[in-house]
Amino acid sequence: MRWLFNVYETFLIRHPKVTQAVQTGLLMGAGDVISQVFVEEQPVKKLNYKRTLQFVTVGAFYIGPALTVWYRVLDKYVGKSGKRVAITKVALDQICFAPVCLLGFMVSIGALQGKRVEEVKHAIKETYPDILFANYKLWPAAQTINFYFVPLQYQVLYAQVVALFWNVYLCFKTKPDK
80 MRWLFNVYET
90 FLIRHPKVTQ
100 AVQTGLLMGA
110 GDVISQVFVE
120 EQPVKKLNYK
130 RTLQFVTVGA
140 FYIGPALTVW
150 YRVLDKYVGK
160 SGKRVAITKV
170 ALDQICFAPV
180 CLLGFMVSIG
190 ALQGKRVEEV
200 KHAIKETYPD
210 ILFANYKLWP
220 AAQTINFYFV
230 PLQYQVLYAQ
240 VVALFWNVYL
250 CFKTKPDK
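The structure is reproduced here in structure tokens:
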């Protein structure tokens, strides 16, 4: 297991943006599979792989890169460590980043699901408030731990491990209507 971490760390050092994008995509895809199997009780043989690929795509090309840049911006302009720094980062993350990122997620996943603009707007109107409220139940505490204890290079990984469970919720809330 240690060798796997060493390989990961090597890729993280050499290619941080790509590594964090790939890990985010894979963990978002895993969240979708968990949602389909355990929440929606879909038999494994009938998994919607297209839907899973949509979540992998959003994770790899939107969420992962956005988090990587956002955490570096916070580190550069707010600071690297300390209680006050962590609290400031959490406040900025939850007030500025989370609402916009979640909205972007909903637009991206809606587009990949082939929804028309009106359908995406309707989905946002119907589910965005619930998703944002649920975000505020989980992420302030998770991000406090992240920004206070976790080194910058591992913050996206930490957030995505926590987000594995969050992604199960997001996948369920944004699943296509049947």
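Residue numbers (our numbering): 80 to 257. From the three backbone atoms N, C-alpha and C, an ideal C-beta is built for every residue, glycine too.
Integer-rounded CB distance, given that residue j should sit under 8 Å from residue i
{"i": "LEU211", "j": "PRO178", "result": "6 Å"}
{"i": "GLU119", "j": "PHE244", "result": "No, GLU119 and PHE244 are not in contact; Cβ-Cβ is about 15 Å, not under 8 Å."}
{"i": "GLN222", "j": "ASP256", "result": "Contact flag wrong, Cβ pair sits at about 32 Å."}
{"i": "TYR150", "j": "LEU217", "result": "Not a contact, Cβ separation roughly 18 Å."}
{"i": "TYR207", "j": "LEU191", "result": "At roughly 17 Å, the Cβ-Cβ gap does not stay under 8 Å, so TYR207 and LEU191 are not in contact."}
{"i": "ALA139", "j": "VAL112", "result": "So it is not a contact: roughly 16 Å between Cβ atoms."}
{"i": "THR253", "j": "ILE188", "result": "5 Å"}
Helix, strand or coil at residue i according to DSSP, with G and I counted as helix
{"i": "SER160", "result": "coil"}
{"i": "ARG130", "result": "helix"}
{"i": "ARG136", "result": "The amino acid occupying residue 136 in the given sequence is Thr; Arg does not appear at that position. Helix at THR136."}
{"i": "GLY193", "result": "coil"}
{"i": "MET80", "result": "coil"}
{"i": "PRO178", "result": "helix"}
{"i": "PRO255", "result": "coil"}
Exposure of residue i, with buried meaning 16 or more beta-carbon neighbours within 10 Å
{"i": "LEU236", "result": "buried"}
{"i": "ALA220", "result": "exposed"}
{"i": "LEU249", "result": "buried"}
{"i": "TRP82", "result": "exposed"}
{"i": "SER114", "result": "buried"}
{"i": "GLY161", "result": "exposed"}
{"i": "VAL141", "result": "Just to set this straight, residue 141 is Tyr in the shown sequence, not Val. Buried."}
{"i": "PHE228", "result": "exposed"}
{"i": "THR131", "result": "buried"}
{"i": "ASN85", "result": "exposed"}
Element boundaries [alpha helix (DSSP H), containing residue i]
{"i": "GLU197", "result": "196-228"}
{"i": "PHE117", "result": "Segment: none, PHE117 is in no alpha helix (DSSP H) and carries neither H nor E."}
{"i": "LYS252", "result": "231-252"}
is_contact[residue i, chain B] using C-beta, thresh 8 Å
{"i": "GLY183", "result": "The structure shown has no chain B; it contains just one protein chain."}
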